[in-house]
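J.:
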Amino acid sequence: MHSVDFFDARIVEGTTTSIVLDNGKIEQVAVNYTKGAGVRALCGGSWGFTSADGDFDIDKAIASASELAVSMNDKSPKENAKLKEIDNPSVTDLPKVKIDPQDISLEEKVRHLQEIGSYAQKDGISSSSAVYSESAVKVTYIDSNGTKGEYDLIRTGFAISAVASENGVYQAGRESRFGVTGYEIFDQSNAEELAENAANTALELLSAKPAKGGSMPVILDPELAGVFAHEAVGHASEADLVLEGSSILENRIGQQIASPLVTIIDDPTMHAYGYYPFDDEGSQARKTTIIENGVLDSYLHSRETAEKLGGVPGHSRSQGNSKPVVRMSNTYIDSGNSKFEEMLEEIRDGIYLIGSRGGQVNTGEGVFQFNAEKGYLVENGELTGLIRDVSLSGKTLEILNNVKMVGNDLSMNSGRCGKSGQLVPVTDGSPHLLISEALVGGA
Amino acid sequence: MYELAQKGLKAALSMGADEAEIFIGEGHGTSFDIRKNEIEGAKESTSQGLGIRVVINGAVGFASTNIMSRIEDTAKNAVSSAKVRESDPDWKALPSDEKYPNVCGIFDTELKNMELDDCIKKAIDMIDGAKTVSNITVTSGNFSRGFGKSLILNSNGIEIEEMGTTVSGFVDTITNKGETSTAYDFEISRNNDIDFEIIGKNAAELARRSQDAISIDPHKTNVILHPFAFSDLLDSTFVPSIDADNVQKGRSNLINKLGEQIAAENISIIDDGLLDGGIETGRSDDEGVASQRTNVIENGVFSSYLYDSYTAGKDNVKSTGNGSRSSYFSTPSVGTRNFIVDVPGSDIIEDTEEGIFINTVIGAHTANGISGDFSVEARNAFTIKDGMIDKPIKSLMISGNMFDMLKKIDGAGNDLRKVGSTVTPSIRIPDMSIVG
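Protein chains in written order, with the working numbering: chain A, 1 to 443; chain B, 444 to 879.
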């Protein structure tokens, strides 16, 4: 193990509880207790990584990762990798949990979730489901330079979905809230009202018309605009993708790549679902401005990419005991000063796209596709017909430059982001955005 | 492993479970990530964990752990999670009395014992394959080799142990000269029979051929979907509707459609847990029900939903062997096995005078899984002119409905391909709407 240049180990221990209700009936109650370690070793330019489950021997895991690194360096040698030096992380601003979910009985949680779920069971709703999950995790980090860190974090959240059907047409509505908070998340987010909203969305979409596709001006709601910020811009700013040559933002630092109205930030210190006090390679979490007033300011970095490209580490994350990769945390487009009414006035005729059913992006070519949950036609500055099955696609840089107005109403949404086969908790958000031209897909 | 399972079973029964089941999963994997034409490093992982399902007065509870010394605590958690539930009148019983068929081609000793050097060589083969095409960079990629074992034991006498191997390769490529275009390719197999160089070469050639793309106007035309694109859409828009759980909950487009013509007459779809060398092949499913072959669509007629033992009990039918778990920490739910699309093939591109060929789509998972409506971005798409692939297309969205599409399919290629557990040829659909 002394033949390697660096090693580190992350030990993660956690308990998760999940409850799934279907039409008010308990479908699943599950408790999971796990422990694991992810160990990395670096020799020259080669990484060795070992993950271990359960009752592991940490010294053995370090030895085996080291062996892999040495043998890789031997068999496929490459340019030496260096890591940015870091200070010991400080853990001073952990979110305060008001009600520890582990103090509430399983019976009470089930009863509570059933009550909330019942608000989604309106007339015309053919089925509904409600999911609750909580996790308590302890993370310990050490590296061969003597860096040490440790924290405990509680995450809770719930999701409600409702399906309405009529004459063979099915439409769904979904609302969810996840955060680094305790059991108080239900009260803080007005869960009953959200359950009703999910049902209302499903019901109103039954009579919505499919959208007609084409190129047109659009207004994005904070949720869909947040997805754009995360998927299209955030991923392209991940330095590992930049280094491998699959980002349109390569060699663009300091350049005007967006309308001067656009500022995009990734902030792991924000007390939202993507929060962490230090990342999964021991670097202190810091707010990073990706785009400032339209100018590309910084990529998101790990210790290795920060050293290579020049930057600040703090965005390397992993799921469980997997190998850390460059990731986002809480990503958002910063508030501007336009009001939604002013946007309607400005757009005159176009489409207002609301919510997100997910999307995908090709960061190398800078193209993306997102499906909105629903939308409204805008005619003469007024919201008219409700539309469904509507999607937005285009080129990231074109959309960034086509931003004509930025709202004053930033709000965040929580979810999980997948990359390299790993899911991590994140939030993304934005105020309303007016885009002068985008490609809208419909049926 | 067996003793451990016995111990867990005994603990659960002694704590008051009427029925109990232990699922143990164990895996060992080696993988390499490729970054910008180089192998970034090696990863080795081992995992082992167990899930305990218990039934008390017709209520089911579940708990799991990867700390084997905590097996009794886990049994206790499973029992207390069953106790917060009311008796479920739809619950019948854990599987019992199963006769397991033999399967072949899912375990390859050569793969299990493959040395690190040989694994590295295969990863390098992918990069070298891509390098046979000029001006191409492999941006990312992965080689993985794995060996897994599972054991299911229940209080009704079920005991089934299985072993399997898998190997896979994936590369993503980008052009580094001229117009930027990207393409990927991958293969997965249970046996050491993948030509890794071809994976790299295919991806590189496709990225290269996609350069200098043209724009097209919105219109309706013949669309041929490559197995990658078709399987992606099928997963998101058709599979959810044949899941008996969705059907029972009113979330399926195929409720009360058994026996109806739902696809063109020459189309059959088979869910096959027994396919030689299939990615989802095994003697049993993930709750100990014997694997089988199920006709989902037979000559266009819808013939069966897919069941796990719970949903089967609810409909008073036999499970189709589709109880599936993503890991030891999940309870079983309905999942497809090897999903085979059977349509008579021809030289489909040659037979198409005019149309569009689409290699992959992005955004399939955003489709409406109940209605089957989708609107996705097509990647590596080409125009077809006089029976030949003509020009690459810049940006293209296709939208439609899977259930309309199934009725309209009017041809397939001879290019049957295993896309993970889905096995399908290229599929042609006339009169699809596209937005350029």
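Backbone N, C-alpha and C fix where the C-beta goes; we use that ideal spot for every residue, glycine too. Fair warning: this is a prediction, and the values are worked out from it, not measured in the lab.
1) From the DSSP secondary-structure annotation, give me the bridge partner or partners of glycine 840(B).
2) For phenylalanine 772(B), return the contacting residues in chain A, with the cut-off set at a CB-CB distance below 7 Å.
3) Leaving out five residues on either side along the sequence, give the residues of the same chain with a beta carbon under 6 Å from the beta carbon of asparagine 645(B).
4) Can you confirm whether methionine 405(A), when its beta carbon is compared against all beta carbons of chain B, has any partner nearer than 8 Å?
5) How many Å lie between glutamate 487(B) and valine 4(A) at the Cα?
6) Output the distance between the C-alpha atoms of leucine 410(A) and aspartate 334(A), rounded to the nearest integer angstrom.
7) Quick one: what's got a C-beta closer than 6 Å to serine 127(A)'s C-beta in the same chain, skipping five residues either side?
8) Thinking C-alpha only, which one of Ile104(A), Gly375(A) and Ser237(A) is nearest tyrosine 299(A)?
9) What separation, rounded to the nearest whole angstrom, lies between the Cα atoms of methionine 1(A) and alanine 63(A)?
10) Starting from the N-terminal side, write out each stretch of the alpha helix (DSSP H) that is 4 residues or longer and does not extend beyond the region 203-260 of chain A.
11) Can you find a CB in chain B that lies within less than 8 Å of the CB of isoleucine 26(A)?
12) Per DSSP, what kind of secondary structure is alanine 518(B) in: helix, strand or coil?
13) Would you list the residues sitting across from proline 95(A) in a DSSP beta bridge?
14) Can you check DSSP and say which residues form a bridge with tryptophan 47(A)?
15) Between the alpha carbons of leucine 210(A) and phenylalanine 475(B), how many angstroms are there, rounded?
16) Note down, in chain order, all residues in the region 345-362 of chain A with a beta-carbon under 7 Å from any beta-carbon belonging to chain B.
17) Can you tell me whether DSSP reads cysteine 547(B) as helix, strand or coil?
18) With DSSP as the reference, label methionine 1(A) as helix, strand or coil.
19) Chain A partners of alanine 506(B), CB-CB under 8 Å?
20) Can you tell me the Cα-Cα spacing of leucine 224(A) and lysine 519(B), whole angstroms?
21) How should tyrosine 445(B) be labelled, buried or exposed, when 16 other C-beta atoms within 10 angstroms of its C-beta is the threshold for buried?
22) Is it the case that the region 614-624 of chain B contacts the region 647-659 of chain B, given that we only count it when at least three CB pairs across the two stretches are under 8 Å?
23) Could you tell me the boundaries of the beta strand (DSSP E) in which asparagine 413(A) lies?
24) To the nearest angstrom, how far is the alpha carbon of aspartate 76(A) from that of lysine 60(A)?
25) Taking DSSP's pairing of strands, which residues face serine 767(B) in a bridge?
26) From the DSSP output, which residues share a beta bridge with isoleucine 19(A)?
27) Give me whichever residues DSSP pairs with methionine 405(A) in a beta bridge.
28) Tell me the start and end of each unbroken alpha helix (DSSP H) in the region 316-395 of chain A that is at least 4 residues and wholly inside, in chain order.
29) Which residues in the same chain have their Cβ closer than 8 Å to the Cβ of lysine 526(B), if we skip the five residues on either side of it in sequence?
30) So the beta strand (DSSP E) isoleucine 783(B) belongs to, where does it begin and stop?
31) Evaluate histidine 432(A) with the Cβ neighbour count: other Cβ atoms within 10 Å of its Cβ, from every protein chain shown; 16 or more gives buried, anything less gives exposed.
32) Are the region 128-147 of chain A and the region 9-25 of chain A touching by the rule of at least three beta carbon pairs closer than 8 Å?
33) So isoleucine 465(B) contacts chain A; which residues on that side make the cut at Cβ distance below 7 Å?
34) What does lysine 75(A) reach in chain B if we use C-beta pairs closer than 8 Å?
35) How would you label methionine 606(B), buried or exposed, when you count the other beta carbons within 10 angstroms and need 16 or more for buried?
36) Please report the distance separating the alpha-carbon of asparagine 765(B) from that of arginine 303(A).
T.: Well, looking at it:
1) Here residue 840(B) is taken as the residue at index 397 of the second sequence, counted from 1. In the sequence as displayed, the identity of residue 840(B) is methionine instead of glycine. Paired residues: Glu820(B) and Val878(B).
2) For the purposes of this step, residue 772(B) is taken as the residue at position 329 of the second sequence. Result: Asn32.
3) In the second sequence, residue 645(B) corresponds to position 202, counting from 1. Closer than 6 Å at Cβ, skipping near neighbours: Asp628.
4) Locating residue 405(A) in the first sequence gives position 405, counting from the first residue. It does not: the Cβ of methionine 405(A) has no partner Cβ on chain B nearer than 8 Å.
5) Position 44 of the second sequence, counting from 1, holds the residue named residue 487(B). Position 4 of the first sequence, counting from 1, holds the residue named residue 4(A). Roughly 17 Å between the two C-alpha positions.
6) Position 410 of the first sequence, counting from 1, holds the residue named residue 410(A). Position 334 of the first sequence, counting from 1, holds the residue named residue 334(A). Their Cα atoms are separated by approximately 7 Å.
7) Against the first sequence, residue 127(A) aligns to sequence position 127. Asn23 and Val163, listed in sequence order.
8) Here residue 299(A) refers to the residue found at position 299 when the first sequence is read from its first residue. Nearest option by C-alpha distance: Ser237(A).
9) Here the question's residue 1(A) lines up with position 1 in the first sequence. Here the question's residue 63(A) lines up with position 63 in the first sequence. Any reading at methionine 1(A) must be qualified, since the residue scores a pLDDT of 44, below 50, and its modelled position is unreliable; the value itself is stated next. Rounded to the nearest angstrom, the two C-alpha atoms are 6 Å apart.
10) 222-228 and 239-243
11) Numbered from its first residue, the first sequence carries residue 26(A) at position 26. Taking Cβ atoms only, chain B reaches closer than 8 Å to isoleucine 26(A), which makes this a yes.
12) Taking the second sequence and counting its residues from 1, one reaches residue 518(B) at position 75. Here alanine 518(B) sits in helix by DSSP.
13) In the first sequence, counting from the first residue as 1, residue 95(A) sits at position 95. In DSSP, proline 95(A) forms no bridge with anything.
14) Sequence index remark: in the first sequence, residue 47(A) carries index 47 (1-based). Bridge partners of tryptophan 47(A): Leu42(A) and Gly484(B).
15) For the purposes of this step, residue 210(A) is identified with residue 210 of the first sequence, where counting begins at 1. For the purposes of this step, residue 475(B) is identified with residue 32 of the second sequence, where counting begins at 1. Checking the sequence shown, residue 210(A) turns out to be proline, not leucine. Going by the C-alpha atoms only, they are around 45 Å apart.
16) Arg357, Gly358, Gly359, Gln360 and Asn362
17) Within the second sequence, numbered from 1, the residue matching residue 547(B) stands at position 104. Coil, per DSSP.
18) If you number the first sequence from 1, residue 1(A) lands on position 1. Residue confidence for methionine 1(A) is low, a pLDDT of 44 falling below 50, so the modelled location carries little weight and cannot support an answer.
19) Here residue 506(B) corresponds to residue number 63 of the second sequence, with the count starting at 1. The contacting residues are Ala30, Val31, Asn32 and Tyr33.
20) On the first sequence, residue 224(A) is found 224 positions in, with the first residue counted as 1. On the second sequence, residue 519(B) is found 76 positions in, with the first residue counted as 1. Computed Cα separation, rounded: 44 Å.
21) Locating residue 445(B) in the second sequence gives position 2, where the first residue counts as 1. That one is exposed.
22) yes
23) By one-based count along the first sequence, residue 413(A) stands at place 413. Counting along the chain, the beta strand (DSSP E) containing asparagine 413(A) begins and ends at 411-419.
24) What you label residue 76(A) is simply residue 76 of the first sequence in a count that begins at 1. What you label residue 60(A) is simply residue 60 of the first sequence in a count that begins at 1. Looking at the sequence itself, residue 76(A) is serine, so the reference to aspartate does not match. About 24 Å.
25) Numbered from its first residue, the second sequence carries residue 767(B) at position 324. For serine 767(B), which the question treats as bridged, DSSP gives the partners Ser776(B).
26) Walking along the first sequence from the start, residue 19(A) turns up at place 19. Its beta-bridge partners are Val29(A) and Tyr132(A).
27) Within the first sequence, numbered from 1, the residue matching residue 405(A) stands at position 405. For methionine 405(A), the beta-bridge partners assigned by DSSP are Leu434(A).
28) 340-347
29) Numbered from 1 along the second sequence, position 83 holds the residue referred to as residue 526(B). The answer, listed in chain order, is Ile499, Ala502 and Gly504.
30) For this step, residue 783(B) is matched to residue 340 along the second sequence. Isoleucine 783(B) -> beta strand (DSSP E) spans 781-785.
31) Taking the first sequence and counting its residues from 1, one reaches residue 432(A) at position 432. Burial call: buried.
32) Touching, yes.
33) Locating residue 465(B) in the second sequence gives position 22, where the first residue counts as 1. Result: empty, since nearest Cβ-Cβ is about 15 Å, beyond 7 Å.
34) In the first sequence, counting from the first residue as 1, residue 75(A) sits at position 75. Correct list: Leu559, Asp560 and Ile563.
35) Taking the second sequence and counting its residues from 1, one reaches residue 606(B) at position 163. Label assigned to methionine 606(B): exposed.
36) The residue you call residue 765(B) lines up with position 322 of the second sequence. The residue you call residue 303(A) lines up with position 303 of the first sequence. Computed Cα separation, rounded: 44 Å.
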